[in-house]
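Okay, structure first, notes after.
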Amino acid sequence: MAEERTPVLVVGGSMVGLSAALFLSHQGFPPLVVERHRTVSVQPRAQAASPRTMEILRALHLEADVRAAETPNAQYGNIMQVESLAGPELGWFDGPFPADPQGVSATGWTLIGQDRLEPVIKRRAEELGADIRFGTEMVSYTQDEDGVTARIRSVETGEEHDVRADYLFAADGNRSPIRDGLGIKAEGPGAFGRQLIMIFHADLTALVAGREFFLCFVKNADVHGVLGQLDPYTHRWCLAVSLQPDESAADYTTERCLALIRAAVGVPDLDVEVESGQDWEIAAKVAQRFRHDRVFLAGDAAHVMPPTGGFGGNMGIQDAHNLSWKLALVLRGLARPSLLDSYEPERLPVAEFTVEQGVIRYLQRNGLDEEIAARHRPEPTVLFGQRYRSGAVLADPDGADDGAVFEDPHLATGTPGTRAPHFMIERPGGNPVPLHDLIARDFVLLADDTTDDGRAWLAAAPPLAARSGIGVLAQPAGAGFTSAYGVAEGGAVLIRPDGFIAWRSRGPVADPAAILADALSRAAHSRTL
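Using full-length UniProt numbering, you'd call the opening residue of the sequence shown number 1 and step up by one each time.
Next up, the structure:
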């Protein structure tokens, strides 16, 4: 078979790889995705899409589809502790996924298992042209100055052929062969243990009625684990239990699983059908590097964290979102390849911080010493407070830098490198819309159109976009945006396609067209300006 050609080869067709396919296709460069498994995940694994992930998907008009696929009758609140579901209650505490984004975003958490989210993302990516091949694995690859040549193989037939790509996106999981083959180590606290997730069907309606919960922690003489309801209509549940160091899923026969499930429910003769069992490692580690020439690591290949907080899969989606617009500009020939150098310095520090926050939340189950507890940061800060420093961010020339990786989004400063603060945009003759609904493919220039200086900024954007080939949406923001973005009357802000601030002018300038052109040229590493 002749060599295939694709702009980006994505290895791994789970949540992160599929998101890369979605974002790249939306940017006009549908990739080839290869995934050795035959289908999308059948395990819920990651069980929630974060408000930041939903903000991104909302801009691509996917929020309604995702929420339609949400776990039926999803419970956002309470976690219950019991001896068994039929036995004594030991207490209740707040769940980790509040529906209210606390004013930081226009959207909030969606309780949706990985097995439900992946088909939604896959479907839209394919509609946009992505070539997604399950039952296909990458056997080997080489890279040179101009691209990557990979050998891929059908798992079913064994047939092999070569694919030539400009770049390789590695979303091949926490045991990433690509990462290991590059000699990139993953560092951190390491493994906390392994967990087995059993999916089963049983009608527990009578035991749950009147005390609905998100999760139920079970602890008795026979089982110590966590129950969760996946679908009340099909009576589909999961039970997660910790494994001993020398155990794996293979040690858990159907009979053993049945005994654990019945002990957790507290009904010895419970009518139950075991669907599947899968084990996975709970760990915390971050790759030393996220890039090696034309190969980029993302998701679990780049960082692994405990499930507490729901940060892991969402972090991987945001890795893909950060990188996709940069790849698209380079592939179009509009940006120099140096733009891609910004991926690692932006995402690696954020990964280190977020992994630490996941570990802190995991350790909270067993109590924390004061030193560790003092490093705990609120959920909105972890989800929305990232601060990037890279060649794709133009720092304020007169701004002091405290070196912080995150800031409190409730006290957003509008500093370049931070996510653009949530802001409602007035539309002529229509309802206000959230700013992030407008950030999907292009840069966005915000300025106050009620002043001459603001209108001058906005007038400079269309000819600049035409001259550079780089999309720049001129967005009138009214006077209200100035306080949220730390600019005075006549100032302007340039927001990147991933929703992060690239540059700002704190006030009016003599030649806005020239200043804006310089800012876009440097932030986008433009070849054309």
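For every residue, glycine included, the Cβ atom is placed at its ideal position computed from N, Cα and C.
Checklist entry - Can we say the segment 409-426 touches the segment 473-492, given the rule of at least three CB pairs closer than 8 Å? => result yes
Item to check | Sub-8 Å separation of L520 and Q475 beta-carbons | outcome: No; because the gap between Cβ atoms is not below 8 Å, this pair is not in contact.
Item to check | Entirely enclosed alpha helix (DSSP H) segments - the segment 299-372, minimum 4 residues | outcome: 312-331 and 343-363
Next on the checklist: So within the segment 132-178, which uninterrupted beta strand (DSSP E) runs reach at least 3 residues, ignoring any that extend past its ends?
Outcome noted: 136-143, 148-154 and 160-170
Item to check | D498, buried or exposed, once every other Cβ within 10 Å from all chains shown has been counted against 16 | outcome: It counts as buried.
Checklist entry - Between the C-alpha atoms of T253 and E118, what's the straight-line distance to the nearest angstrom? => result 29 Å
Item to check | Continuous alpha helix (DSSP H) stretch holding V16: start and end | outcome: M15 to H26
Checklist entry - Between residue 530 and P512, what straight-line distance do the alpha-carbon atoms span, to the nearest angstrom? => result The structure shown does not extend to residue 530, since the chain is modelled only from 1 through 529, so no value can be given for it.
Item to check | Backbone CA spacing between A465 and T308 [nearest angstrom] | outcome: 43 Å
Next on the checklist: If you reduce the DSSP assignment to three classes, tell me which class I470 lands in.
Outcome noted: coil
Checklist entry - With distances taken between CB atoms, is the gap from P31 to A130 smaller than 8 Å? => result yes
Item to check | Terminal residues of the beta strand (DSSP E) in which residue 532 lies | outcome: Outside the displayed range of the chain (1 to 529) lies residue 532, so it cannot be described from this structure.
Item to check | Beta-carbon separation (whole angstroms), R387 vs A404, contact threshold 8 Å | outcome: For a cut-off of 8 Å, the C-beta gap from R387 to A404 is around 6 Å, short enough to register as a contact.
Checklist entry - Nearest to L435 by CA position, among V223, I56 and G12, is which residue? => result I56
Checklist entry - Of all the options D319, T451 and V493, which has the alpha carbon lying nearest to the alpha carbon of L445? => result Measuring from the Cα of L445, the nearest candidate turns out to be V493.
Item to check | Cross-strand partners of D279 (DSSP beta bridge) | outcome: L196
Checklist entry - Should N322 go down as buried or exposed, given a rule of 16 or more other Cβ atoms within 10 Å for buried? => result buried
Checklist entry - Closest by CA to P409, which one among F93, G103 and E83? => result G103
Checklist entry - Since S50 is in the beta strand (DSSP E), which residue starts that stretch and which ends it? => result Taken as a continuous stretch (DSSP letters only), S50 belongs to no beta strand (DSSP E), as it is neither H nor E.
Item to check | Local conformation of P428 per DSSP, three classes | outcome: coil
Checklist entry - Can you tell which of A301, E275 and V274 has its C-alpha closest to the C-alpha of A287? => result A301
Item to check | Distance CB(F384)-CB(R52) smaller than 8 Å | outcome: yes
Item to check | Whole-angstrom distance between L473 and L458, CA atom to CA atom | outcome: Approximately 9 Å between the Cα atoms of the pair.
Checklist entry - Excluding five sequence neighbours on each side, which residues of the same chain lie with their C-beta closer than 7 Å to the C-beta of D65? => result V120
Checklist entry - If you count every other CB in all the chains shown that lies within 10 Å of the CB of Q318, and 16 or more means buried, which is it? => result buried
Checklist entry - Where does V274 sit, in a helix, a strand or coil, going by DSSP? => result strand
Next on the checklist: Using C-beta distances below 6 Å, list every residue in its chain close to G313, excluding the 5 sequence neighbours before and after it, in chain order.
Outcome noted: M15 and A46
Checklist entry - Of the choices N78, G480 and P463, whose alpha-carbon is the least far from that of G210? => result N78
Next on the checklist: Just to confirm, is the Cβ distance from G228 to S84 under 8 Å?
Outcome noted: no
Checklist entry - At what residues does the beta strand (DSSP E) containing L111 begin and finish? => result Unbroken run through L111: none, as it is neither H nor E.
Next on the checklist: Here's the rule: buried if 16 or more other CB atoms are within 10 angstroms of the residue's CB, otherwise exposed. What is F93?
Outcome noted: exposed
Checklist entry - S489 and T451: beta carbons closer than 8 Å? => result Just to set this straight, residue 489 is Glu in the shown sequence, not Ser. With respect to the 8 Å criterion, E489 and T451 are classified as neighbours on the basis of their beta carbons.
Checklist entry - For P119, which of helix, strand or coil comes out of DSSP? => result helix
Next on the checklist: Given a cut-off of 8 Å on the beta-carbon distance, is the pair G13 and I112 in contact?
Outcome noted: no
Checklist entry - Assuming F23 contacts A320 under a Cβ cut-off of 8 Å, what Cβ separation, rounded to an integer in Å, is found between them? => result By a beta-carbon distance limit of 8 Å, F23 contacts A320. Their separation comes to about 6 Å.
Checklist entry - Contact between the segment 134-154 and the segment 244-263: three or more CB pairs below 8 Å? => result As far as the Cβ criterion goes, the segment 134-154 does not touch the segment 244-263, which means the pair count is below three.
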